[in-house]
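Enquirer: Those protein sequences? They're chains A and B, same order as listed. According to this note's numbering, the first sequence is numbered sequentially starting from 513. According to this note's numbering, the second sequence is numbered sequentially starting from 513. The C-beta atom is built at its ideal place from N, Cα and C for all residues, glycine as well.
Number of protein chains: 2
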Amino acid sequence: MEIFKQRILAEGKNLGQGILKVDSFINHQVDPMLMDACGAELARRFAHVGATKILTAEISGIAPALMAAKHLGLPVVYARKSKPVTMPDQVYLTVAPSHTKGRLVELIVSPEYLAGGEKILIIDDFLASGATIIGLVRLAQTAGATIVGVGTLIEKMFEGGRGRLAYLGIPIESLACIGSMDDGQILFCR
Amino acid sequence: MEIFKQRILAEGKNLGQGILKVDSFINHQVDPMLMDACGAELARRFAHVGATKILTAEISGIAPALMAAKHLGLPVVYARKSKPVTMPDQVYLTVAPSHTKGRLVELIVSPEYLAGGEKILIIDDFLASGATIIGLVRLAQTAGATIVGVGTLIEKMFEGGRGRLAYLGIPIESLACIGSMDDGQILFCR
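What follows is the structure in structure tokens.
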């Protein structure tokens, strides 16, 4: 998605050690018009998979997932990282290592909103090592749901997440694929 | 906003002690089409205030703020509750008591995205005691920005937040105002 890649080149900052700062338009300040366009493109790419619900993880997955969900006309569920008082005692919970936090984080979904028979499209901001997304896959599968696709805004190809998700045999899409961040650069895959 | 109030009556759950569970369409599962409509209505009500940026708090403020921002054509900044590695060492930070968490939470904004001279419209999911919103007001004022409005999806009138915000002398709007949740009911103000 050319307009999105250009924005990454213009405003993204390579902080080293594989960390891409996109806080000016995705992760702290958000450009809603760009997110809407990204959501429309993700919706276009996954229009054929028959999803019944979108699943993402708080916090930074919410904006792209919400916009993709709007364009697909589907509800979106965001996995919580702590259990709010409104959630029932019995929940689906898994843990996933967080690259940016350097520790395990919990991913929690209420059984009220993730049921057997659902066809789940996972949307997140980044596909890096794939750890968060594999956590979401486990949650959905535990609920008896089927994963029909994984879409992200930015893929860091060099962290190997796509390979780790290959066992699912489902479409994996990213709007900008970064092949290398060596030497302070941001080089796209194609 | 009638369609929104009807949804609250149909799916909202009064858990007692003033806690309204709206996890099926706002706070865990989100209805993006409804959020889009709410964002459009908030944008309409604040079209005249000359806002240059929307400020909200993660997590549950993101969806309504993002949609309102899209309809107003403005960027949105969400205050973080923990400082990510991508944020500079020097930040704006305040603490606010969290009603649902029963403890103080931090609200953190990077000076990169909150500057003097900005006209800030605050959007959040709930206006209850006003504590979170007053925290956001402090952050914006510390940055030298001006607050031009406060808009929320649901106001719990009986928790008094509107009164605590009156000193600001700015428009305060909510799409559904709940006057009482006594005896398991959900009674709107008007």
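Check the DSSP bridge columns for B:R650 and list the partner residues they point to.
Expert: The sequence position of residue 650 of chain B within the second sequence is 138, counting from 1. According to DSSP, which records beta bridges pairwise, B:R650 is partnered with nothing at all.
Enquirer: In this structure, does DSSP put A:I632 in helix, strand or coil?
Expert: Numbered from 1 along the first sequence, position 120 holds the residue referred to as residue 632 of chain A. Strand at A:I632.
Enquirer: Is the CB of A:H540 under 8 Å away from at least one CB in chain B?
Expert: Position 28 of the first sequence, counted from the first residue, corresponds to residue 540 of chain A. At a cut-off of 8 Å between beta-carbon atoms, A:H540 makes contact with chain B.
Enquirer: Counting only Cβ pairs nearer than 7 Å, list the residues of chain B close to A:V589.
Expert: Along the first sequence, read from residue 1 onward, the residue named residue 589 of chain A stands at position 77. H540 and Q541, listed in chain order.
Enquirer: Answer yes or no: do A:M547 and B:L578 have a C-beta to C-beta separation smaller than 8 Å?
Expert: Residue numbering aside, residue 547 of chain A sits at position 35 when the first sequence is read from its first letter. Residue numbering aside, residue 578 of chain B sits at position 66 when the second sequence is read from its first letter. For A:M547 and B:L578, yes; Cβs fall inside 8 Å.
Enquirer: Report the rounded CA-to-CA distance for A:R676 versus A:Q653, giving the unit in angstroms.
Expert: The residue labelled residue 676 of chain A in the question sits at position 164 within the first sequence. The residue labelled residue 653 of chain A in the question sits at position 141 within the first sequence. A:R676 and A:Q653: Cα-Cα distance of roughly 16 Å.
Enquirer: Since B:K668 is in the beta strand (DSSP E), which residue starts that stretch and which ends it?
Expert: Walking along the second sequence from the start, residue 668 of chain B turns up at place 156. It spans T658 to K668 - the beta strand (DSSP E) in which B:K668 sits, taken as one unbroken run.
Enquirer: What number of angstroms, rounded off, separates the C-alpha of B:G629 from the C-alpha of B:A657?
Expert: Residue numbering aside, residue 629 of chain B sits at position 117 when the second sequence is read from its first letter. Residue numbering aside, residue 657 of chain B sits at position 145 when the second sequence is read from its first letter. Straight-line Cα distance between these residues: approximately 5 Å.
Enquirer: Quick one: grab the DSSP three-state call for A:K565.
Expert: Taking the first residue of the first sequence as 1, we reach residue 565 of chain A at position 53. A:K565 falls in the strand class under three-state DSSP.
Enquirer: Using the beta-carbon of each residue, which ones in chain B are nearer than 7 Å to A:S686?
Expert: Translated into positions along the first sequence, residue 686 of chain A becomes position 174. Residues of chain B passing the Cβ test: none, with the nearest at roughly 20 Å.
Enquirer: Report yes if the CB atom of B:F638 is closer than 8 Å to the CB atom of B:I666, and no otherwise.
Expert: To locate residue 638 of chain B, count along the second sequence from 1; it is residue 126. To locate residue 666 of chain B, count along the second sequence from 1; it is residue 154. Yes, these two residues count as a Cβ contact at 8 Å.
Enquirer: If you check the beta carbons only, do A:V621 and A:V589 fall under 8 Å apart?
Expert: As a working mapping, residue 621 of chain A is identified with position 109 in the first sequence. As a working mapping, residue 589 of chain A is identified with position 77 in the first sequence. Yes, the Cβ-Cβ distance between A:V621 and A:V589 is below 8 Å.
Enquirer: Measure from the C-beta of B:I690 to each C-beta in chain A and report whether the shortest distance is under 8 Å.
Expert: Counted from its first residue, the second sequence places residue 690 of chain B at position 178. Chain A, which has no Cβ nearer than 8 Å to the Cβ of B:I690, makes this no.
Enquirer: Strictly under 8 Å for the Cβ-Cβ distance: is A:E671 near chain B by that measure?
Expert: Walking along the first sequence from the start, residue 671 of chain A turns up at place 159. Judged by the 8 Å Cβ criterion, A:E671 is not in contact with chain B.
Enquirer: Quick one, are the C-beta atoms of A:K595 and A:V607 less than 8 Å apart?
Expert: What you label residue 595 of chain A is simply residue 83 of the first sequence in a count that begins at 1. What you label residue 607 of chain A is simply residue 95 of the first sequence in a count that begins at 1. No, these two residues do not count as a Cβ contact at 8 Å.
Enquirer: So with Cβ pairs under 8 Å, would you call B:V597 a contact of chain A?
Expert: Counted from its first residue, the second sequence places residue 597 of chain B at position 85. Yes, B:V597 lies at the interface with chain A (some Cβ there is under 8 Å from its Cβ).
Enquirer: Quick check on this structure: which residue in A:L633, A:S686 and A:T568 has the alpha carbon closest to the alpha carbon of A:E553?
Expert: In the first sequence, counting from the first residue as 1, residue 553 of chain A sits at position 41. Comparing Cα positions, the closest option is A:S686.
Enquirer: Closest by CA to B:C550, which one among B:A655, B:R674, B:A581 and B:G562?
Expert: Start at 1 with the first residue of the second sequence, and residue 550 of chain B comes out as number 38. Distance from the Cα of B:C550 is smallest, within the candidate group B:A655, B:R674, B:A581 and B:G562, for B:A581.
Enquirer: Determine which residues share a DSSP beta bridge with B:Q602 and list them.
Expert: Within the second sequence, residue 602 of chain B is the residue found at index 90, counting from 1. DSSP output for B:Q602 lists no bridge partner at all.
Enquirer: Since B:Y625 meets chain A, which of its residues come closer than 9 Å, beta carbon to beta carbon?
Expert: Along the second sequence, one-based indexing puts residue 625 of chain B at 113. Those are D535, S536, H540 and Q541, listed as they occur along chain A.
Enquirer: In terms of residues, what are the limits of the beta strand (DSSP E) holding A:A591?
Expert: In the first sequence, the residue the question calls residue 591 of chain A occupies position 79. A:A591 -> beta strand (DSSP E) spans V588 to A591.
Enquirer: Is the shortest distance between the beta-carbon of A:K631 and the beta-carbons of chain B less than 8 Å?
Expert: If you number the first sequence from 1, residue 631 of chain A lands on position 119. No, because no Cβ of chain B sits closer than 8 Å to the Cβ of A:K631.
Enquirer: Chain B partners of A:T564, CB-CB under 9 Å?
Expert: Within the first sequence, residue 564 of chain A is the residue found at index 52, counting from 1. Those do not exist, as A:T564 stays about 12 Å from chain B at its closest Cβ, beyond 9 Å.
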